[in-house]
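Those sequence lines, one after another, are chains A and B.
In case it helps, numbering that gives the first Met the number 0 puts the first sequence at residues 0 to 333.
In case it helps, numbering that gives the first Met the number 0 puts the second sequence at residues 0 to 333.
All residues carry an ideal CB built from backbone N, CA and C; glycine is no exception.
There are 2 protein chains.
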Amino acid sequence: MTATDAQRNASEAGLTSALQPQAVLDAAAILKGAANRTPVLTSRELDRAVGAQVFCKAEHLQRVGAFKFRGAYHALSRLSSEERARGVLTWSSGNHAAAVALAGRLLGVRTTVVMPDSALPIKRAAVLGYGAELVCCPAAERENVGRRIAAQRDLAVIPPYDHDHVIAGQGTAALELMQEIEPLDLLLAPVGGGGLLAGTALAAGLKDTRSRPRVIGVEPAIADDAARSLRDGRIVTLDHVPDTIADGLRTRFVGERNFAVMRERVHDIVTVSEEEIVLALRWLWVRMKQVVEPSGAVALAGVMAGKVDVAGKRVGVVLSGGNADPAAVARLIG
Amino acid sequence: MTATDAQRNASEAGLTSALQPQAVLDAAAILKGAANRTPVLTSRELDRAVGAQVFCKAEHLQRVGAFKFRGAYHALSRLSSEERARGVLTWSSGNHAAAVALAGRLLGVRTTVVMPDSALPIKRAAVLGYGAELVCCPAAERENVGRRIAAQRDLAVIPPYDHDHVIAGQGTAALELMQEIEPLDLLLAPVGGGGLLAGTALAAGLKDTRSRPRVIGVEPAIADDAARSLRDGRIVTLDHVPDTIADGLRTRFVGERNFAVMRERVHDIVTVSEEEIVLALRWLWVRMKQVVEPSGAVALAGVMAGKVDVAGKRVGVVLSGGNADPAAVARLIG
């Protein structure tokens with residue numbers, strides 16, 4: 000076996016990654032003018048409370064209300080004109096579905112989205128509003144159903160996280176943050192399937208920003224597969240879909256491509272309790288006047304709950320999304 | 000009677016104002032570094048929906064969560080060192096109270112705040128948190144109680160709106176908006192006592208920005224004293240404290256100084272229903288991910304409800320504050 004074969008085999012086994020930081024710069028060039036350059040939010044009170052300087056990248060103000068637009072638009076932009084003409088398919092219960100639907104509308108690509116029967120009506124309406132074709136099926140079946148339809152109709156599949164162009168696109172949020180705020184010592188992102196965390200870690204590896212921050216993932220304690228995977232050196236799969244309030248992070252395992260990047264470039268993954276997520280959500284609402292969804296507040300919860308040593312540091316935090324139901328948020332924080 | 004006497008008499012009768020646009024520039028110089036330069040928020044969807052370009056000045060992201068910090072800090076900064084040593088007093092249902100309390104803490108001035116028994120707990124807690132002495136009394140009595148305590152203790156009074164330095168300070172929000180976004184055709188602000196609207200109108204009169212926008216006030220229909228005052232050419236007083244959900248606009252009459260500026264410089268005042276305020280609040284929450292209090296959404300409600308002809312125009316809107324209770328907002332928009 001040659002070195003290249005070994006590398007390919009290791010990569011296919013999810014042990015090393017061919018994805019390099021440059022991919023994030025390439026994605027940023029494609030996303031320019033399409034994705035919002037979201038603002039960076041700060042709070043004197045937060046800084047005092049945690050003894051650090053915290054810079055929140057406001058991806059809840061991204062198009063479709065979540066960072067997912069970056070990866071979806073980037074991935075669709077990379078398709079050949081033949082693939083675009085045939086259309087694309089994805090499966091997702093939430094923000095990635097809306098992101099693919101909007102990216103398709105903007106790029107003139109027909110989109111088919113497989114959602115679980117249990118998806119919130121508001122999320123279904125968003126997908127339909129962007130003009131996607133919607134297929135509903137039992138939650139456990141969505142990837143199988145999606146792959147079967149894609150094969151039947153010859154559609155390109157844009158999976159929610161285990162995809163190089165999706166990962167590179169998600170990394171552009173951290174890239175913008177590092178370009179605007181420098182230097183940063185730490186960079187925190189929530190982790191579900193690992194698209195945002197892997198992209199963030201790639202961005203942190205770029206040599207042409209002044210920062211070389213350590214990258215830390217934050218995960219709900221009751222959905223700690225990523226933390227265990229990083230510790231064990233292999234992808235750990237949860238027995239069941241975890242019932243965290245962070246509905247965007249209810250993944251049973253991280254992607255192989257995502258795990259390969261994480262192993263190489265992520266310093267640590269810490270976990271937060273459901274109560275700690277609620278405290279962060281409440282802080283964001285009451286003090287920073289920002290509507291962030293539970294998943295989107297998980298990285299900040301890691302800082303506020305003291306799960307990461309931030310003392311005296313300059314800390315970037317990705318607020319990853321803001322699609323929440325008013326009544327549900329009120330029940331949590333009211 | 001000399002021309003100057005006539006002018007002074009007219010001014011004392013609230014018919015003309017000695018306040019000039021330059022006062023806003025002077026206030027801005029004092030507020031630099033103390034007040035947040037708040038961001039300007041936009042939404043493609045909003046622009047499509049109303050057929051205009053709308054630029055929202057995010058004063059809910061101001062210190063204490065409302066534009067009120069500007070006027071309060073400016074007014075306290077203008078006191079003599081003797082007055083500062085004796086301390087200041089104000090009365091307010093909410094945001095002005097917190098603003099005076101924080102300005103006092105920052106400037107080392109003792110503050111006493113008279114609030115109505117009915118003030119929101121979140122607003123009371125803010126005042127106490129900034130170290131003010133809090134006096135509670137029936138809503139209708141607050142000015143009388145405040146003036147009596149001020150006389151007894153020899154405290155300088157910083158009223159919530161009928162005060163030149165307060166008005167000039169509030170105008171700095173519009174000044175920043177015009178400096179960042181130019182040109183603007185229209186500039187909309189909510190009106191309660193008229194501090195923000197008068198300050199906004201003064202700022203719009205400055206000759207050294209590219210914009211000379213028309214200034215329009217927006218008011219809850221069930222608290223329409225300002226609209227009636229402008230129409231009748233005299234200050235109209237409501238019989239009772241209006242029960243609008245916009246709790247920051249529950250004033251029975253505008254200030255004399257405010258009215259004088261409004262007569263000279265405000266193009267129109269339009270009104271919105273309670274339902275229209277809720278629709279704007281809901282839009283801000285669900286689509287723009289911003290927590291704005293009902294009063295803070297009133298000017299945007301005027302645009303969204305079609306009360307102002309904005310077609311094809313570039314429209315500045317002040318989102319004036321964000322201090323709301325999660326459960327209460329959920330009841331309104333959930």
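query = Which partner residues of T110(A) appear in the DSSP bridge assignment?
reply = V87(A)
key: Contacting residues, own chain, Cβ-Cβ under 6 Å from A71(B) (five flanking each side not counted)   = A98, V99 and A102
ask   = Using a C-beta cutoff of 8 Å, does L229(A) count as contacting chain B?
value = no
query = Could you give the distance in angstroms between the alpha-carbon of T37(A) and the alpha-carbon of R211(A)?
reply = 21 Å
message = Taking the straight line between their C-alpha atoms, what separation do you get for G130(A) and P293(A)?
response = 27 Å
message = Just verifying my parser: in three-state terms, what is the DSSP assignment at F252(B)?
response = coil
message = For a minimum of 3 consecutive residues, which ranges assigned as the beta strand (DSSP E) are wholly contained in the stretch 227-314 of chain B?
response = 267-271
ask   = Any chance the stretch 170-178 of chain A sits against the stretch 13-31 of chain A, with 3 or more Cβ pairs inside 8 Å?
value = yes
message = Contact defined as beta carbons within less than 8 Å: I believe M261(B) pairs with A197(B). What is the distance between those atoms, to the nearest angstrom?
response = 6 Å
request  = Closer than 8 Å by beta-carbon distance: list the chain B residues that pair up with I395(A), in chain order.
outcome  = Because chain A here runs from 0 to 333, residue 395(A) falls outside it and cannot be looked at.
message = Is V290(B) close to chain A? Criterion is C-beta to C-beta, closer than 8 Å.
response = yes
ask   = At a cut of 8 Å, does the stretch 74-92 of chain B reach the stretch 139-158 of chain B through at least three beta carbon pairs?
value = yes
key: DSSP state of A326(A) mapped onto helix, strand, coil   = helix
task = Please look up how many angstroms separate the CB atoms of L248(B) and V291(B), rounded, as I've assumed it's under 8 Å.
result = Wrong, their Cβ atoms sit about 13 Å apart, outside the cutoff.
key: Closer than 8 Å at the beta carbon, the chain B residues around P325(A)   = R281, W284, V285, V328, A329, I332 and G333
ask   = Hey, V113(A) and R83(A) are a contact pair by Cβ (cut 8 Å); roughly how many whole angstroms apart?
value = Not confirmed; about 20 Å, so no contact.
request  = Express the C-alpha separation of L60(A) and M287(B) in angstroms, rounding to a whole number.
outcome  = 7 Å
ask   = In the stretch 27-45 of chain A, which residues sit with their C-beta less than 9 Å from some C-beta in chain B, listed in chain order?
value = P38, L40 and R43
key: V157(B) (DSSP reduced to helix, strand or coil)   = Inspection of the sequence shows that residue 157(B) is occupied by Ile rather than by Val. Coil.
query = When the distance is taken between beta carbons, is V235(B) closer than 8 Å to R227(B)?
reply = yes
request  = Look at R256(A) and V214(A) and say whether their C-beta atoms are less than 8 Å apart.
outcome  = no
task = Buried or exposed for T1(A), please, with buried defined as at least 16 other CB atoms from any protein chain shown within 10 angstroms of its CB.
result = A caution first: T1(A) carries a pLDDT of 49, below 50, which makes its placement in the model too unreliable to give a value.
message = Only counting the same chain, and skipping five residues up and downstream in sequence, which positions put a Cβ closer than 6 Å to that of A33(A)?
response = Y72
message = Do V316(B) and E179(B) count as a contact pair if the criterion is CB distance below 8 Å?
response = no
inquiry  = Using only the alpha-carbon positions, how far apart do Q289(B) and D308(A) sit?
reply    = 30 Å
inquiry  = Rounding to the nearest angstrom, what Cα-Cα distance links L186(B) and I244(B) in this structure?
reply    = 23 Å
message = Let's test the definition: count the other Cβ atoms within 10 Å of the Cβ of I332(B) and tell me whether it reaches 16, buried, or not, exposed.
response = buried
message = Suppose you measure from the CA of S16(B) to the CA of F258(B); what does that come to, to the nearest Å?
response = 9 Å
message = Assuming K122(B) is part of the alpha helix (DSSP H), what are its boundary residues?
response = P120 to G128
query = What's the C-alpha gap between V302(A) and V285(A)?
reply = 17 Å
query = Of the residues that make up the stretch 83-111 of chain A, which ones have a beta carbon closer than 9 Å to any beta carbon in chain B?
reply = none
Euclidean distance between Cα positions of A118(A) and V126(A) = 11 Å
request  = Give a yes or no on whether the minimum CB-CB distance between L60(B) and chain A is below 8 Å.
outcome  = yes
query = How would you list, in chain order, the residues of chain A whose beta-carbon sits under 7 Å from the beta-carbon of G64(B)?
reply = K288
query = Mind checking whether L133(A) and R85(A) have CB atoms under 8 Å apart?
reply = no
key: Given I29(A) as reference, the closest of R62(A), F66(A), S76(A) and V63(A) once Cα atoms are compared   = S76(A)
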